[in-house]
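Quick notes on the structure that follows.
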Amino acid sequence: MYLITAYFDDETNKILQDHINAVAKVTGNHFMADNHVPPHMTLSALESRTSDELKEGFFEFADSISAHDIVIASVGMFFPYVLYAAPVPNDFLSDIPGRISEIYRNTEGVSVSRYYSVDNWMPHITVAKRLDRAQMLGAIDLLRDRFVPIYGKVVRVGLSEVNPHFDVESRMI
16 MYLITAYFDD ETNKILQDHI NAVAKVTGNH FMADNHVPPH MTLSALESRT SDELKEGFFE
76 FADSISAHDI VIASVGMFFP YVLYAAPVPN DFLSDIPGRI SEIYRNTEGV SVSRYYSVDN
136 WMPHITVAKR LDRAQMLGAI DLLRDRFVPI YGKVVRVGLS EVNPHFDVES RMI
């Protein structure tokens, strides 16, 4: 599996990384650091034999978008394991699943995950994952007291491998 990921401006990145680090400290769950996962928002998950099959489409996608402001306004959970920060939906985010699906629609051997399809994508920025019940409760308690809306910008996209997180390609937008 490969991901198309969005990355943020330095200030947004710093705030998100601070939340990730604080949650890891309180919970003892260091999955994000152990797997070198930077603050990011997954835009699509793609099944492919190799990243080479994805590069042309990735560059086409990266060239079709530009840096964009976002507001990260809330915290949520995917039960039972994931805590995330959520951006406010906007036209930029709403357009992404269709754009990526269209680019890879006729690429043999490549499929877009159903969780990132046009009407099934929920934009989120993972703060912690693989949490147990006690860790989730501790993380929620922490972020309840410290999270405030973040006014940031998406400035770069990457074509990434997972576990550990690694960008095969990256482009400023």
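Counting in the working numbering, the sequence shown tops out at residue 188, every number present.
Don't be surprised by glycine CBs; every beta carbon is placed ideally from N, CA and C.
Item, Value
"Is the CB-CB distance between residue 57 and residue 165 below 8 Å?", "no"
"Between which two residues does the beta strand (DSSP E) harbouring residue 168 extend?", "165–176"
"Tell me whether residue 56 sits in a helix, a strand or coil according to DSSP, three-state version.", "strand"
"Can you say whether residue 152 is buried or exposed, counting buried as having 16 or more other CB atoms within 10 angstroms of its CB?", "exposed"
"Give me whichever residues DSSP pairs with residue 91 in a beta bridge.", "99"
"Quick one: residues in its chain with C-beta nearer than 6 Å to the C-beta of residue 55, no 5 flanking neighbours on either side, listed in chain order?", "20, 22"
"Can the beta-carbon of residue 131 be found less than 8 Å from the beta-carbon of residue 66?", "no"
"Take residue 89 as the anchor and find which of 53, 171, 139, 70 has the nearest alpha-carbon.", "139"
"Please name the residue, chosen from 24, 147, 186, 68, that lies closest to residue 95 on a Cα-to-Cα basis.", "147"
"Label residue 59 either buried or exposed according to how many other C-beta atoms from any shown protein chain fall within 10 Å of its C-beta, with 16 as the threshold for buried.", "buried"
"Just verifying my parser: in three-state terms, what is the DSSP assignment at residue 85?", "strand"
"How far does the alpha helix (DSSP H) with residue 47 in it reach, from first residue to last?", "46–49"
"So for residue 187, helix, strand or coil by DSSP?", "strand"
"Rounded to whole angstroms, what's the CA-CA distance from residue 150 to residue 122? Just pull it up for me.", "41 Å"
"Since residue 23 is in the beta strand (DSSP E), which residue starts that stretch and which ends it?", "17–23"
"Checking the sheet assignment: what are the DSSP bridge partners for residue 143?", "98"
"Pull up the DSSP beta-bridge partners for residue 126, would you.", "62"
"Could you check whether residue 44 and residue 186 sit closer than 8 Å to each other, using their CB atoms as the reference points?", "no"
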